[in-house]
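This report refers to the structure that appears directly beneath it.
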Amino acid sequence: MLALWNKIWTTPVVTEPVVRTYDDAQIEAIARQVDERARRLFGRSLHIREVDAGSCNGCELEIGALNNPYYDLERFGMHFVASPRHADCLLVTGPVTRNMADPLKRTYDATPGPKIVVAVGDCARDCGIFAGGYGVVGPVSAIVPVDVVVGGCPPPPSMILAGILAALDMRDNPQSVRSTDGPVSDDGAQ
Amino acid sequence: MLTQILIEVIQLLIVGLGAPLLVGLVRRVKARLQGRRGAGLLQPYADLHKLLAQEAVVSETTSWICRFTPYLLAATMLLSALLVPLLTTQTPLGFLGNIIVLMYLFLLGTFFLTLAGLDAGSAFGGMGSSREMAVAALAEPTVMIAIFAIALRAGNTGLDEIIRRGAADSLLLLTPGHLLAFMAFFIVALAETGRLPVDNPATHLELTMIHEAMVLEYSGRYLMLIEWAAGMKLLIFLALLSNLFFPWGVALAITPFALAVAFVALAMKIGALAVGIAVLETAVAKLRLFRLPALLSGSFALALLAVISFLFVK
Amino acid sequence: MALSEAMTLNLLLLTLGGFGAGAAGAVLAARCPHVSRLAGHACALIGAVGALALGAAGLAGGTLDVMIPALLPIGGLSLGMDRLSAFFVLVIAVAAIPSTAYAITYTRAYEGKSSLAGMGLGFNAFLAGMVLVVLARNVLTFLVMWEAMSLASYFLVMTEAEHRDTQHAGWIYLVMTHAGFACLLVGFLIMAHGTDTMNLSEWHAASATLSGPMRHAVFVLLALGFGAKAGVVPLHVWLPKAHPAAPSHVSAMMSGVMIKLGVYGLIRIGFDWLGVGASWWGGAILVVAAVSAVLGVLYALVESDLKCLLAYSSVENIGIILLGVGAGMLFQSYHLDTLASLALVASLYHTVNHAMFKPLLFMGAGAVVHATGTRNIEEMGGLIKRMPQTAAYFLVGSVAIAALPPFNGFISEWLMFQSLLLSFQISATGTNLLFALSIAALALTSGLAAACFVKAFGITFLALPRSERAEQAREAPWMMRGAMGLSAVACLALGVAPVGIVRLLNTTVADLTGAQADVHFNWNVIVANDAFAVVSPLWIAVALVSLCALVVTALRIIGANAAWRAYETWGCGRALQTSRFEYTATAFANPFKRVFGLLYRPVKELDIQFHPESRMFVETIAYRNETRSIFEDALYGPMSKLIQRGAQRARIVQSGNVHLYLLYIFMALVVLLALAG
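Chains as they are written, first to last, in this note's numbering: chain A, 1 to 190; chain B, 1001 to 1314; chain C, 2001 to 2677.
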């Protein structure tokens, strides 16, 4: 599990939560990289269900931007779906509040496997500035197993994209699939 | 005998394998029109393939209806694929039924899908079922009157015969009744296959859904079958529109060359219609649910006008 | 095959003997309800089987001629059988056999509550009355049997007479059925006077002697009388009240068969008694039929009383059947006899189909109502898990009545569509348009019927139970399930193998129209009108099943993930799912209510009581969304007011003064003498 944790953190696309401005060239580079792989794998498909577990909606704005023509998530074979039953990826934002802890768990259980969970934003990683708040249960990893964490407050769309791609890689290369012996949790959150 | 089996197998393959490609084409063109690159044409295959690999999560409150429906839905569409003349006017299994049988097969699928929508006991499913049934029921008169117009023109309700007579009299295609019937049938096809402005196939908002709301509970292979069936339904409707109203290139005799020509012609006609749908979906917004009766009664009026014009020129 | 008359006579005796024994047994064992119930219904079952054999013998060419002058005045009891009569005897039998078998167990619930002797007597008299109506060959026999059938069914409707609703329903039924009877009586008398014969079989030949206006008058009167029994709009008001009030096996017979005798009468006047009529007769029936079909299903759609929904759907199906009758009459007036035959074949086919799936649905509804103690489908739900077999049979009935392949309703509606589509052979643009609109009406009806039965089945049987009684519901006893299973199998059989029956129907209607329908059979393919339309029901069924199997195998071969996991219904992560989250029947029908608002004229009331401290908190919400019947508001309400006002005026003559009454008698005498002189 520790090895996995390490792997997640050493995955190059997931960096320290420094807000960087990715310019067009970088997005192009990611796009090309994905395209190449996509051709190799006869296309790829990822259906994403977004769960707002108590976010300030900063991350949602950035996630929403993924759908716009500039980032155009669909070209990678990914799109947002209306039901966790249709999804194989949960995109979770925000510190998990008391009201959303149970719904988040239910959403996770309602998603058919194999599935991946991407925690988006500083709050999802370690509760961010809300840490210790009375209404906050903990980071996403305290509730459901997280595969990839994308830091940032909020992370730019390209980073979110990179995080999803990293998670996809884990899914597509079976040797790196996380074992299912428990949630990846951040000790500080308990 | 062997050729006949071969033709039916080809029909099954065209509909079964062509459906995801058609869906991909419509999405791709729409993306381009929206200034995006969009997913590749083959993306729906990857989606379906992915769904097959997933486990199926089934609601605890459901019964066998919910698990049976996807198979039945796929079967009705495959059966329709056997009936519809795609390449030739000598469809070997054409004797199974005429155009009315085809419409009732679609209604059979809708019937079970709406039951499945009610099966899980979620408010979304019930809402979707209620709306889907409302649209299907209100579209039915237009379908039949359009069929009446076609039968008036061809003097027959058999699919093969309609195309044969249409191909024999090319000037008939320019009559106003023909065009009116085509427009009526086109609107009905949009309604039946859940396209804009009746239903938005890409919506995420439960309250605006019709078809999607019914299938919110489905996952894994069940969802794959339903999406596949929806694609096949679109393909069959477009094939009907292109072959019944524009019977160009359909093989009147079964020779390899004629079949090849027919295949190319079919691909081009369906492609053109798919592009048309994509353009339309980019240009119009979804209608409010209670505006739909106006659209459908408009299409009914078109169909009735088609009948009247055929009655007068008879 | 020539059948000896003695044989058909024996079958008739078996039929009537069964019903007679049932009635006698039920009355004799009145002291012991258990025996009375068994004797009454078991003997009725024997009678019904006899009727099946009698009908089959009649269709095979057997005839019957019974004349007993001593039994009735003016012509005596006269019975005879042609193919049409035989067909309707068969229709009675196919509905009666499962219904009586069902009743043997079903009536147990009435032990100690109602008089089972009365029920047994009434039920047997009802069945015998129906058989004798279609066999009647002179005016008095017909009218007496008609009245016997109506009265017997009235007493059966009043089984639970302690309920106010039932009393009301019975009252309306009695009034409507007698208003219809009055029309019939006058019509028959004019006809008998004009043709100078009371013998019904001679009317066809003698009708030519009737003057034109008289024929129109007879047609209108008889059509009103038979239409009231058939329950066509706007004479349908009794039907959705009376049918649900009766016990379910009686509802099954009333909805499945009794109203068909109205159709029988209409076919008789349209094709037999009055000869070839004016074209407006057929047109009028076509219009009434189209209106009945659409309005019947629209009212069924918003109904949440399960049995009432089924009763309204009977109005719809009568509409569909009469579409064929009206079209046939129109075709005949344009001398298109083969098309007339096709329309009649479709119509009769739908008649026998409806006599199969409507009893099936009523039996299913009876089982459900018995298990849940309510007729309101808003309190049901989840019954598919508690009553799996009943649910399966009800589903078969629903798919069949929604006219979907591969069940029997599909074939008859398919034939009906072909006969209507072929109307383009008539060269009169107005008539063509009428047909076009009736095609649209039939199409709308079939779409709405599918919606209606998605609602009926989906809300009743699927999802979570909405009440405690529904949660504790138990499967019906084996006898009831067996009866439903029998009907379900019959629905499937007539759906996949219609060839035999269509051939029989074709010879039946050829007797009436003089020409066989242009329907050919090529083993299992029906080819209507020179390859105008083709269908092969058996192959469709086989193909559907094998393609389902193909999909299952294909998924297995390409290695689809076969794992599945049960989890709660997706509800956006809410804490628990209860039946209150479910879509209700009212909500399901609401889009239709809005679209056809002009017709339903929905009354919507929303009453919200806010908390006195803040409007943010709601204490109670009362919501009412009802539909009003335009017929009761606009037609029957004013009419009954008018009659009441007239009655008030007429009271003046009834002063209570004996001398005045003597004066009336004297004056009446004088007037009569003056008239006679």
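Ideal Cβ placement from N, Cα and C applies to all residues, glycine included.
- Item | Beta-carbon neighbours of E945(B), restricted to chain C and to distances below 9 angstroms | Given a span of 1001 to 1314 for chain B in the structure shown, any question on residue 945(B) remains unanswerable.
- Under the assumption that I1210(B) contacts R1131(B) (Cβ atoms under 8 angstroms), give the Cβ distance between them as a whole number of angstroms. 5 angstroms
- Which same chain residues, not among the five before or five after L2331(C), have their C-beta less than 7 angstroms away from its C-beta? Here residue 2331(C) turns out to be Phe, not Leu, going by the sequence shown. L2339, A2340, A2343.
- Item | Local conformation of I1005(B) per DSSP, three classes | helix
- Task: Say whether chain B places a C-beta atom closer than 8 angstroms to the C-beta of K2385(C).
- Result: yes
- Query: Fully enclosed by the segment 1185-1232 of chain B, which beta strand (DSSP E) runs are 3 residues long or longer?
  - Reply: none
- Message: Can you tell me whether M2329(C) is helix, strand or coil according to DSSP?
- Response: helix
- Exposed unless 16 or more other CB atoms sit within 10 angstroms - verdict on H2520(C): exposed
- Secondary structure at G138(A), three-state DSSP: helix, strand or coil? strand
- Message: My output table needs one value for T21(A): the three-state DSSP class, helix, strand or coil.
- Response: Model confidence at T21(A) stands at a pLDDT of 42, short of 50, so the residue's coordinates are unreliable; what they give is reported in the following sentence. Correct three-state label for T21(A): coil.
- Task: Kindly indicate if chain B contains any beta-carbon less than 8 angstroms away from that of S45(A).
- Result: yes
- Per-residue contacts from A2575(C) into chain A (C-beta, under 7 angstroms): D102
- Item | Beta bridge counterpart(s) of Y2567(C) as assigned by DSSP | S1059(B)
- Message: Using beta carbons (cut-off 8 angstroms, strictly below), is A110(A) in contact with chain F?
- Response: Protein chains in the displayed structure are A, B and C, and chain F is not among them.
- Can you find a CB in chain C that lies within less than 8 angstroms of the CB of T1193(B)? no
- Beta carbon of G2691(C), beta carbon of L2360(C): below 8 angstroms? Residue 2691(C) falls outside the range modelled here, since chain C spans only 2001 to 2677, and no answer is possible.
- Task: Kindly list, in the order they appear in chain A, the residues whose Cβ is closer than 7 angstroms to that of S1323(B).
- Result: No answer is possible for residue 1323(B): the residues shown for chain B start at 1001 and end at 1314.
- Query: For a contact meaning CB atoms closer than 7 angstroms, what does P69(A) contact in chain B?
  - Reply: Q1034, G1035, R1036
- Message: I'd like to know whether the C-beta of S2419(C) is nearer than 8 angstroms to at least one C-beta of chain A.
- Response: no
- Message: Pop quiz: G2040(C) and G2025(C) are said to be a contact at Cβ under 8 angstroms. What is the actual Cβ separation, rounded to whole angstroms?
- Response: 6 angstroms
- Message: Is the separation between the beta-carbon of L2221(C) and that of L2512(C) shorter than 8 angstroms?
- Response: no
- Hey, could you find the ends of the beta strand (DSSP E) R49(A) is sitting in? 46-52
- Query: If you measure from the beta carbon of R49(A) to each beta carbon in chain C, is any gap under 8 angstroms?
  - Reply: no
- Task: Could you pull out every residue in the same chain whose Cβ sits closer than 7 angstroms to the Cβ of L2672(C), ignoring the five residues on either side in sequence?
- Result: none
- Any Cβ of chain B within less than 8 angstroms of the Cβ of S2536(C)? yes
- Taking all protein chains shown into account, decide if Q2577(C) is buried (16 or more other Cβ within 10 angstroms of its Cβ) or exposed. buried
- Residues sharing a beta bridge with D2633(C), DSSP: D2633(C) pairs with nothing; no bridge assigned.
- Taking DSSP as the reference, what is the three-state secondary structure of C89(A)? strand
- Message: Whole angstroms are fine: how far does the CA of W2203(C) sit from the CA of N2138(C)?
- Response: 10 angstroms
- Message: Taking only three categories from DSSP, how would you classify H2168(C)?
- Response: helix
- First and last residue of the beta strand (DSSP E) that includes V148(A)? 148-150
- Task: Compare the C-beta of W2570(C) with all C-beta atoms of chain A and state if any pair is closer than 8 angstroms.
- Result: yes
- Message: What would DSSP say about Q2609(C), mapped onto helix, strand or coil?
- Response: strand
- In terms of residue numbering, what span does the beta strand (DSSP E) encompassing I2621(C) cover? 2618-2626
- Item | Test: R125(A) CB closer than 8 angstroms to a CB of chain C | no
- Message: If distances are taken between C-alpha atoms only, which option among C127(A), E50(A), L61(A) comes closest to G138(A)?
- Response: C127(A)
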